[in-house]
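Scroll down for the structure; my scribbles are underneath it.
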Amino acid sequence: MDALFIEVVDEDGVCQITLDRPARLNALTFEVYRALADRFAALRAERKVHAVVITGSGRAFCSGGDVRDIISRLVDQSAAEVLAFTRLTGELIANMRKLEKPVVAAVNGTAVGAGAVIALAADLRVFSDEAQIAFLFTKVGLTGADMGAGYLLPRVVGQGRAAELLLLGDTIDAKTAERFGLANRVVRPERCLSTAMELARRLAQGPLDALATTKRLLDAEWRMPLEEAIEAEAQAQAVHLKSPDHREYRDAFTAKREARFSGEVAAQERRTAGRQS
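Structure follows, in structure tokens:
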């Protein structure tokens, strides 16, 4: 039986999730969907994890739903069973977005269909310069708006580019993804995962509560009028102006030293505990 995915949490609090079906280009099965959705939900409560990197084994990030293990089986299922499956795929994306910890996708290779939406659901995306991405649903007779792509993609690349990508379903390379605003970084293949990990470690060692609030407000404010958004930010900032991390910044500034935010302190405590055990 194939492994569902590989997970490693390092001493900096970064959880690396690696889709691990390289022979199938990390295609998703019913079981992988369920396991990933549950894992991202559980990560909300895991204090040792401060940031997440998701990537793929081998030459692909994720080639979407497995044609043999999902697509061919759905043909014989009832309408209710098919709806339960499509809701599960959306549950994975919703749980990624509800996680108030930064998620970085290391798009090491092909990311198509559901794989493209998983990359989209991350907060930041690092692409190998050999990677390609496609929201190819219409190419196979399905709606391009799937798993939340119709909601998320316009917020990342704008309405016009989202329409182009979702309606045509064309494959774009990493440089085009960067030009569209879909890739935050484009690097050589051997630097893809390490660059994503570097970004995740920076975030994991930062002011954890402030980062969580930032992610929460970035999502919530799309649904607010301007005045409501400004008020939400004012109330949140008033809380953080009285927070331990901001006080640490003020103390560090006065002492002319680098601030040690909550994430860095927690990482240092983990390293110390590891050496003592």
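Going by the working numbering, the first residue of the sequence shown is number 2, and it counts up by one from there. Each residue gets a CB set at the ideal place from its N, CA and C atoms; glycine is no exception. Predicted model, so just to flag it, every value in this text is computed and none were measured.
Counting only the same chain and skipping the five closest in sequence on each side, list residues whose C-beta sits under 6 Å from that of residue i.
i	result
Leu-37	Leu-93
Asp-1	Since the first and last residues shown for the chain are 2 and 278, residue 1 lies out of range.
Leu-20	Phe-6, Asn-27, Gly-57, Cys-63
Asn-109	Thr-56, Gly-57, Phe-62, Ser-129, Cys-193
Val-33	Leu-5
How about residue i and residue j: are their beta carbons less than 8 Å apart?
i	j	result
Ala-213	Met-225	no
Val-188	Val-127	yes
Val-54	Ala-178	no
Leu-168	Ala-150	no
Pro-190	Phe-262	no
Val-158	Gly-142	no
Apply the 10 Å Cβ neighbour rule to residue i and answer buried if 16 or more other Cβ atoms are within range, or exposed otherwise.
i	result
Gln-133	buried
Glu-265	buried
Phe-254	exposed
If you draw a straight line from the alpha carbon of residue i to that of residue j, how long is it in whole angstroms?
i	j	result
Arg-45	Lys-102	8 Å
Phe-136	Arg-162	12 Å
Gly-14	Ala-205	6 Å
Ser-99	Gly-116	Correcting the residue identity first, residue 99 is Lys in this sequence and not Ser. If you take the alpha carbons of Lys-99 and Gly-116, they lie about 18 Å apart.
Gly-65	Val-105	18 Å
Ala-107	Ala-184	10 Å
Phe-86	Gly-170	22 Å
Glu-279	Leu-218	With the chain running from 2 to 278 in the structure shown, residue 279 is simply not present.
Ile-72	Ala-175	27 Å
His-241	His-247	7 Å
Thr-144	Val-118	13 Å
Asp-147	Glu-165	15 Å
Ser-244	Asp-77	55 Å
His-51	Arg-74	37 Å
Gly-114	Asp-210	33 Å
Thr-139	Glu-222	30 Å
Glu-259	Arg-203	14 Å
Among the residues of its own chain, which have a CB less than 8 Å from the CB of residue i, if the five just before and after it don't count?
i	result
Ile-18	Phe-6, Ile-7, Glu-8, Leu-37, Arg-40, Val-53, Val-54, Ile-55, Thr-56
Glu-123	Sequence check: residue 123 is Ala here, not Glu. Counting only Cβ-Cβ distances below 8 Å, and skipping sequence neighbours, we find Ile-55, Met-97, Val-104, Val-105, Ala-106.
Glu-199	none
Using a Cβ-Cβ cut-off of 7 Å (strictly less than) and excluding sequence neighbours within five positions of residue i, which residues of its own chain qualify?
i	result
Met-2	For Met-2, the predicted model reports a pLDDT of 40, less than 50, meaning its position is unreliable and no value from the coordinates is stated.
Leu-153	Leu-121, Ala-122
Answer yes or no: the CB of residue i versus the heavy atoms of the ligand PLP, is any distance below 7 Å?
i	result
Ala-184	The ligand PLP is not part of the structure shown, which contains no ligands of any sort.
Assess contact between the region 10-27 and the region 268-275, defined as three or more Cβ pairs (one per stretch) separated by less than 8 Å. Is contact present?
As far as the Cβ criterion goes, the region 10-27 touches the region 268-275, which means the pair count is three or higher.
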